[in-house]
Amino acid sequence: MIGQDEWRSALAALAGGRGDPALRHRAAVELAGRMVAMAGDDEGESLGFLLRPDPKLRATCWRVRQFRLGDIAPTSVTDHTDAALAVIRLARPDRDALVAGELLAVAADGSAWVALTRNESEVVVQAPAPDTLLGPGGRSDGYGPLLGRWRAALDLAPLG
478 MIGQDEWRSA LAALAGGRGD PALRHRAAVE LAGRMVAMAG DDEGESLGFL
528 LRPDPKLRAT CWRVRQFRLG DIAPTSVTDH TDAALAVIRL ARPDRDALVA
578 GELLAVAADG SAWVALTRNE SEVVVQAPAP DTLLGPGGRS DGYGPLLGRW
628 RAALDLAPLG
């Protein structure tokens, strides 16, 4: 199990962008592996608390989009109300042809965070960042306040 303080500390290290990129990537893979293990242990409630698009809002669903090699549009899109099922669906797709995927945590206001990605068998946690967040209403240009809340929650310096 990953506690809230450990989760925020790990996300802060990833979001801070400091240090060796290879070490940060390895840490993101290890953290994702722990989340997959939690999903296998049916810890959906704990995962739901961690996988939220906004540090102040709980997710209402977790959307898994999966892709075949060469596809731009998702081959498969499934929505889950249980975070553990969504993580398992991402990590262990039901078809071998699905070589990549992403898990979005989505809140009732439409804000979303592409929290996990998968390429072949490697699952990776992504830090909240401009390219992983969508603002309320799913707007790609409305992530500013959301990113600010994440940076404050992770005790990172404000941007700008």
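Numbered according to this note's numbering, the sequence shown spans residues 478 to 637. Backbone N, C-alpha and C define an ideal beta-carbon position, used for all residues, glycine too.
- Taking C-alpha positions only, residue 552 is separated from residue 544 by approximately 5 Å.
- Judged by DSSP in its simplified three-state form, residue 617 adopts coil rather than helix or strand.
- Restricting attention to 512, 546, 531, 582, the CA atom closest to the CA of residue 556 is found in 582.
- Judged by DSSP secondary structure, residue 598 falls outside any alpha helix (DSSP H); it is assigned neither H nor E.
- Note on geometry: alpha-carbon atoms of residue 615 and residue 540 lie some 13 Å from one another.
- Cβ-Cβ separation between residue 487 and residue 500: approximately 13 Å, too far for a contact (criterion under 8 Å).
- Non-local beta-carbon contacts of residue 535 in its own chain, meaning distances under 6 Å to residues more than five positions away in sequence, involve 529 in chain order.
- DSSP links residue 579 through a beta bridge to 542, 594.
- Per the C-alpha coordinates, the member of 603, 596, 606, 515 positioned closest to residue 563 is 515.
- Judged by their CB atoms, residue 613 and residue 619 are nearer to each other than the 8 Å cut-off.
- Around the CB of residue 512, 16 or more other CB atoms lie within 10 Å, so the residue is classed as buried.
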